[in-house]
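Protein chains in written order, with my numbering: chain A, 1 to 303; chain B, 1001 to 1303; chain C, 2001 to 2303; chain D, 3001 to 3303; chain E, 4001 to 4303; chain F, 5001 to 5303. Inspection log for the structure reproduced underneath, given as structure tokens.
Number of protein chains: 6
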Amino acid sequence: MSGAPSLVPQRTRAKARILLDALPYMREHTGTTIVVKVGGSVMEDPGLLAPFAEDLSLLRMVGIRPVVVHGGGPQISDLSRRLGIEPVFVDGLRVTDASTLEVARMVLAGKVTEELVAGLNAGGVPAVGLSGGDGRLLLARRRADGDGPDLGFVGEIEEVNVALLEHLIDVAVPVIASMAVDRSGQAYNVNADLAAAQVAVALRAHKLLLLTDVPGVLRDGELVPELSPLECRDLVASGGADGGMVPKLEAAVAAVEGGVPRAHVVDGRLPHATILELFTPEGAGTMVAAPVDEPVGEEVAAP
Amino acid sequence: MSGAPSLVPQRTRAKARILLDALPYMREHTGTTIVVKVGGSVMEDPGLLAPFAEDLSLLRMVGIRPVVVHGGGPQISDLSRRLGIEPVFVDGLRVTDASTLEVARMVLAGKVTEELVAGLNAGGVPAVGLSGGDGRLLLARRRADGDGPDLGFVGEIEEVNVALLEHLIDVAVPVIASMAVDRSGQAYNVNADLAAAQVAVALRAHKLLLLTDVPGVLRDGELVPELSPLECRDLVASGGADGGMVPKLEAAVAAVEGGVPRAHVVDGRLPHATILELFTPEGAGTMVAAPVDEPVGEEVAAP
Amino acid sequence: MSGAPSLVPQRTRAKARILLDALPYMREHTGTTIVVKVGGSVMEDPGLLAPFAEDLSLLRMVGIRPVVVHGGGPQISDLSRRLGIEPVFVDGLRVTDASTLEVARMVLAGKVTEELVAGLNAGGVPAVGLSGGDGRLLLARRRADGDGPDLGFVGEIEEVNVALLEHLIDVAVPVIASMAVDRSGQAYNVNADLAAAQVAVALRAHKLLLLTDVPGVLRDGELVPELSPLECRDLVASGGADGGMVPKLEAAVAAVEGGVPRAHVVDGRLPHATILELFTPEGAGTMVAAPVDEPVGEEVAAP
Amino acid sequence: MSGAPSLVPQRTRAKARILLDALPYMREHTGTTIVVKVGGSVMEDPGLLAPFAEDLSLLRMVGIRPVVVHGGGPQISDLSRRLGIEPVFVDGLRVTDASTLEVARMVLAGKVTEELVAGLNAGGVPAVGLSGGDGRLLLARRRADGDGPDLGFVGEIEEVNVALLEHLIDVAVPVIASMAVDRSGQAYNVNADLAAAQVAVALRAHKLLLLTDVPGVLRDGELVPELSPLECRDLVASGGADGGMVPKLEAAVAAVEGGVPRAHVVDGRLPHATILELFTPEGAGTMVAAPVDEPVGEEVAAP
Amino acid sequence: MSGAPSLVPQRTRAKARILLDALPYMREHTGTTIVVKVGGSVMEDPGLLAPFAEDLSLLRMVGIRPVVVHGGGPQISDLSRRLGIEPVFVDGLRVTDASTLEVARMVLAGKVTEELVAGLNAGGVPAVGLSGGDGRLLLARRRADGDGPDLGFVGEIEEVNVALLEHLIDVAVPVIASMAVDRSGQAYNVNADLAAAQVAVALRAHKLLLLTDVPGVLRDGELVPELSPLECRDLVASGGADGGMVPKLEAAVAAVEGGVPRAHVVDGRLPHATILELFTPEGAGTMVAAPVDEPVGEEVAAP
Amino acid sequence: MSGAPSLVPQRTRAKARILLDALPYMREHTGTTIVVKVGGSVMEDPGLLAPFAEDLSLLRMVGIRPVVVHGGGPQISDLSRRLGIEPVFVDGLRVTDASTLEVARMVLAGKVTEELVAGLNAGGVPAVGLSGGDGRLLLARRRADGDGPDLGFVGEIEEVNVALLEHLIDVAVPVIASMAVDRSGQAYNVNADLAAAQVAVALRAHKLLLLTDVPGVLRDGELVPELSPLECRDLVASGGADGGMVPKLEAAVAAVEGGVPRAHVVDGRLPHATILELFTPEGAGTMVAAPVDEPVGEEVAAP
């Protein structure tokens, strides 16, 4: 057939090839859930929201069920300062008194979620914002501080309300702010990376994508393409990971050990990073996956 | 059988009577949607949230589908001032520049909604917060200012996304912040009373309850138990209604003319006002209903 | 808020309180099945049927699935005598020859069921009468008489056709006459209290209410509020229960040992006894429930 | 193939032929509803119940939905007399005072229905007895007596509760006693032939079979195989039909004019009359059908 | 009632009896799957197709789900010869080179299936032709030839795509050609008797009917009415079965040992052989069934 | 964000762009039916089947429901000649006597369908072959020959069994041979282009793709990118279209006039022609579409 005369230019033919090269990846992921965590720093670049909406639209088109989780550290600090409250951190964790908690909630649920949802809907992706209090989506308890200083309303997620999420995923992309509640209704600030990992585990997701503002895990300035959970732990323990990367590595390990087959630390500043990671052989960033001989916590059953 | 000897005290017997007196009202409302608008001023009293949760729980128990809409004027003004922005009103409408819009959105979606949702969930009522941007729930256009001054991002609702609401009502009480969006994703501040009326019309609700901080419509200090839409209009035109009551009367008229059989202006400071209005013959506050001979815009069909 | 001025009288406010005090009980029972056995003697008072219909209507309104079982001893004896057949009892059991069986069937299925169904429907409760022969609802074998005299067509229920009942409960309240059949179609008279217990066990009911014409189990003229199955057996064995109470206690024990959490002997002469038992903290009559450490026959699973 | 050697005897081969000759009739009726009215006089022969059960079983096997309606005149008179009440008839209609009504209800719902249901279930046909009061199945008003004597509790059916019947037909054969109720719950005696016709019309039945104790409509001792509604009316008006046949002809006319394509007066004393009428070309008895050019009241739509 | 006067002739009455005699057999088989294998030699008689369609129509009418499997040996040989390819057999198996495979596929899927489907549809039985390649219905591997000569593209079925069959059976009778495929899409000729047995096992069929051109298994010229699997094996091993009967016996044994309760070798030349086998007590041909004490491979569960 | 440092090469980034450029086309077609007609001459190139399977797999991945229709002229002529039957054509139509009909059926249903189905299944696309006789999928009558010579068993499609197709499309790609039947079961050869058009109209398809062995409609050696139905007719009438193109133009016109928005004549020799036509802005071949002001026969409703 290759010799058949044709009026279709070579350039157009190449497009078909690229589309079809993505087919095996689409087949692999169709019908599964993918959790994407977007960081506050990435979301500050307004030029990245439209391509992100395009990516999620394509995911949904091929039958993938995306879920978005976000934090908003820089924006919280910004509003705090505008209100005269100087942010305080202990070991990288925000000390969250009642005033800071109220600021965090307004920023996360009333600003970042709203902007993400508006951008996705404008890009043709039906999206609905959720905070951890909605239907007790993220149920937490106060984080035990041990011997350290009191961190205030910082929580640890104990349970994810999967039923509500599944109900919503059928009609829209959930955009989840990293605020949690306890049974009495008290709110807590929770780490967004870890919240994303726990949502991924609870939904038996196929992948967790952590969009950051670096190219991935670097060692001596070189991108490390793949790490096992064990290697992640060693890296954290040896201090080989810089401060911002530590919670990402911990979240990736939590996801993989919780049964999510693969977690990826990906450069979210790159437009269409999600599509590149999912649908091209090159992938992007650093992948964390259990090696065949390293036992993981739980089998991921077909939904 | 009234003469039968019994060990059950009279007081207990009376309880059964009160429960059963509510039965005809339950029968009347079961299976229908009731929209309740709670005002920012009412929601500032923390002691009112728990009884409100109890009320909604009972509504749901007898098969009623409640939907909550809220504003948050006082809280918006408060945060604005803390950020150094003095609120400006023209004819009772907030002038909403970009900064004020951001403040309004944070307060409504990130504070008032969150507190309502947390309180309802803590009271055993599954609730999910929604902003007008979620799934383009409240689609608006910028309000035409006519010859008056520019009010900024103040919108008029054009369409309510009924499908998303119906999907959610099946599993939780929607708690809707009076923020809307246009098709490009631009947010708008909208009047909460009118938003509630439009949600009620779109959902073909059986009732609209407007919870306020007065006993109802007063005339010469006396509560007016019932008004027709025409009488509401006359009252507004004649200046007989005070400033805060005008949008409530307009919302009630919009609801009734849009096919909602009855709208009620009720004293939200009274604990369990919702139950009293719905399940007792006395009712509460002022009812607006189309008189039999006054045509309304649309028939409300059985769902 | 308690200090807020209000035009709603205190009396009306108290109503809301009583309604909401019932809410925890409604939550406890919603979605479950409650079997109510009404005795022939109670049903002879025409003034009790309308309040009973009201009670069932409220039960259904809050999502409870009531099932009614009835006997009709006095009415059977009455028609027998009118036809010249003198009723004969041995140890409290009716000797049921072919003629008596025909009389019993006519009275139970053709008179008591009909009256109950008509009364419930007139009270707005959709009801459908069922006899044990309908779809082989109550499948029985002839009761072994041991060394005693021949009791004739008195049966013991072996199987309850749950599928037919579940199918009907979706649309109406089943009103079941205590007549059973064997596989050949031969009818048998069965004890109504025990039939109700077996229906309750088969439907995995949440409660069995036995409406009688006494205030409950009495000891020295005092109402005994609660008994364990063991205590019931002792009471029967020791002769401490009077004749009419014995089958009730046996039925309560059979229900509880079959997995029904609680059985109640309640004064059916008291209007709204069902509501009082279910929705008030005082309850009514005598409750039979397995103590925590007394093993019951079967776990009651959620339906 | 007719010449192929075979070890199968001719007699066996003929059976296949007869089975397959019935196939076109099965195809014609499968999926449709057939209402069969059985008379009290027929049901007095215990030898006819087992073959009738066999017939209904075959109907259900080929996808037909049978519904049974019955009266019980002789049995009512019999019990009346045993209770010392002499039956009184005016123009063939039973004068039904309160005592007679109670007798009729006991006989119809408590004896004839019970026996039919037991016989059908014993024959492997799941059956459930229904009285007109069940779910207000047959809603009636008191028959206007005009200038004639007071007939007492004799009713005319105004409405048939089709929803309940359809719900039941899915799981069992409804066996309906010709007792009706009004909205207040008052019972009425109704003519069983006419009740069957109205049930057939309400269910959009394909056929109404009236099983009688004569071979069909006779004219000069000869069976009339077919009549139009007009001819039926003429026959009744001219006095050409004997007393027992008049209500049958009226019921057949009511059914056909109400949209039932065909009504048949069939000899119920003949075992398997139902099968013969439905599945053989010979049919049985007298058919009443609208001639092509005689307009009928309503089109019968496929269900 | 037998003495009742009737105008219905005895001959007609006998028809009802024969119909009802079939009822127990209908009850036994309704809701089950019956696999019928029709041989190429039988299908060459055009007079047999219409009665076969009638049979399947009756089966479907009483709720049986028939599936047809066919071969076409004589027709394959015929077309081969017309194309100049002389058929070669080794031990009764067709040597299938690429040309013969193409001929076999055209004959089976393009001629025999087409004729069967056309005949069934013309007889009112909705039918759809399927080849083993359709949805990988019959997945095979190349038959290991052992030391013998190369048989070419002759396959052994490894898996039957039950999901596709079940989906189709709901709307039509599947007519399956005995062609299979492997995972690469390579076609294979498979034995039709064995294919039918494997389809029957995979569908948990109630019966396998093998329609042949002899009266059944003969011993000394006498029809053997029943054989156990063990007896079948002995018969094959002892050479007591003639060449054509060997694969039928092997298929019957495979079906019964795979959990199909009964397999029958029936004379397909006899019109309505299927009906006679299924619905008359005489049956037809030879039945193979596991004796009570001979364990079979698998329990047949109710569908 | 374009200035962000990234380790992802430009080449990889371009892939994301091409994937996302296809998104608007996917959105346009998702949920719709696309009918693809593949010609016998195209299907003779074995190298084209695997890319065609890839194309259909991608279509299904993005929610499109493809249906394949095929002819097989060259292959029919080939087998005819091998069997000693010289093909005869009148005005481009094959004279189809009984022998030729049998050959055509074997080739279409037993060879071409089988090969297409095997190739699609091997490429991961579940496919099921259908002939017009399956469930009377293509119901035809004999083509009226007018004054011309007798063409034999050449038919015109009168009706397409949409229900069967819809049932199958849910689980597999239907591959339809252009053979039809009449109600008596007689087979007819039908034109494959026209059959595809009629299937497209019956299924309310979004597009009809006619894969040919030329680049499209040519005028003076130049590809004509778009034609209205009127221009197609003129082209045929003026003799401006060569012989092979006439039935394609007629089919395109029939489809568009029957309500299919667009029909395309595409070069099937080009691998992935289907993807290029559907998912790139360049498209491929010649499009036939109703101009806005040219009325079409029927509105295409959303399914």
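Glycine residues also receive a C-beta, built at the ideal position from the N, C-alpha and C atoms.
The straight-line gap separating the alpha-carbon atoms of B/Ile-1064 and B/Asp-1213 is approximately 25 Å. In the same chain as D/Val-3190, and ignoring 5 residues on each side of it, the C-beta atoms closer than 8 Å to its own belong to Gly-3132, Leu-3138, Ala-3140, Val-3154, Gly-3155, Glu-3156, Ile-3157, Ser-3178, Met-3179 and Ala-3180, in chain order.
Just measuring C-alpha positions, the residue of C/Arg-2143, C/Gly-2031, C/His-2272 and C/Val-2036 sitting nearest C/Val-2095 is C/Arg-2143.
The three-state secondary structure of F/Arg-5060, taken from DSSP, is helix.
Residues of the region 5098 to 5116 of chain F whose Cβ lies closer than 8 Å to any Cβ of chain E, in chain order: Glu-5102, Arg-5105, Met-5106, Val-5107, Leu-5108, Ala-5109, Gly-5110, Lys-5111, Thr-5113 and Glu-5114. D/Ile-3034 is not a Cβ neighbour of D/His-3167, given a cutoff of 8 Å. Within the region 5123 to 5139 of chain F, the residues whose Cβ lies closer than 9 Å to any Cβ of chain E are, in chain order, Gly-5123, Pro-5126, Ala-5127, Val-5128, Gly-5129, Leu-5130, Ser-5131, Gly-5133, Asp-5134, Gly-5135, Arg-5136 and Leu-5137.
Interface with chain F (8 Å Cβ-Cβ cutoff): A/His-167 is excluded. Here E/Ala-4140 is bridged, per DSSP, to E/Ile-4157.
The region 4239 to 4254 of chain E makes no contact with the region 5008 to 5018 of chain F, as fewer than three CB pairs between them are under 8 Å.
Taking CB atoms only, F/Ser-5184 has a neighbour in chain E less than 8 Å away. Straight-line spacing of the CA atoms in D/Val-3068 and D/Ala-3172 works out to 11 Å.
Two segments are said to touch when three or more pairs of C-beta atoms, one from each, lie closer than 8 Å; by this definition the region 1089 to 1107 of chain B does not touch the region 1053 to 1063 of chain B. At a beta-carbon threshold of 7 Å, the residues of chain D lying near E/Lys-4015 are Ile-3018 and Thr-3280, ordered along the chain. A direct Cα-Cα distance of roughly 34 Å separates A/Ala-195 from B/Glu-1159. Against chain C, a Cβ distance below 8 Å from B/His-1272 picks out Arg-2013, Ala-2016, Arg-2017 and Leu-2020. Contact with chain C is found for B/Glu-1054, since one of that chain's Cβ atoms lies less than 8 Å from the residue's Cβ.
Using a Cβ-Cβ cut-off of 9 Å, B/Arg-1269 is close to nothing in chain A; its nearest Cβ partner there is about 22 Å away. A check of alpha carbon separations from C/Gly-2259 across C/Ala-2273, C/Leu-2276, C/Ala-2289 and C/Thr-2030 identifies C/Ala-2289 as the nearest. Three or more beta-carbon pairs separated by less than 8 Å link the region 3269 to 3281 of chain D to the region 4011 to 4029 of chain E, which places the two stretches in contact. Within the same chain, and ignoring the five residues on either side of F/Ala-5200 in sequence, the residues whose Cβ sits closer than 7 Å to its Cβ are Val-5035, Leu-5208, Ala-5255 and Val-5260. No Cβ of chain C is located within less than 8 Å of the beta carbon of B/Ile-1076.
Within 10 angstroms of the beta-carbon of D/Ser-3184 lie fewer than 16 other beta-carbons, which makes it exposed. In this structure, F/Val-5224 places its C-beta atom within 8 Å of the C-beta atom of F/Thr-5286.
Taking every protein chain shown into account, the CB of A/Asp-193 has 16 or more other CB atoms within 10 angstroms, so this residue is buried. Residue state for A/Arg-11 is assigned as helix, using DSSP reduced to three classes. Counting the other Cβ atoms within 10 Å of the Cβ of D/Ala-3263 gives 16 or more, which makes it buried. For F/Lys-5248, DSSP records no beta bridge to any residue.
Taking 8 Å as the cut-off, the Cβ atoms of D/Val-3117 and C/Asp-2045 do not count as close. Within 10 angstroms of the beta-carbon of F/Gly-5073 lie 16 or more other beta-carbons, which makes it buried.
Approximately 25 Å separates the beta-carbon atoms of C/Glu-2257 and C/Pro-2215; this is outside 8 Å, ruling out the contact. Put simply, the CB of E/Asn-4191 is far from chain F, with every gap to its CB atoms at 8 Å or more.
Looking at the DSSP output, D/Thr-3212 shares a beta bridge with D/Asp-3267.
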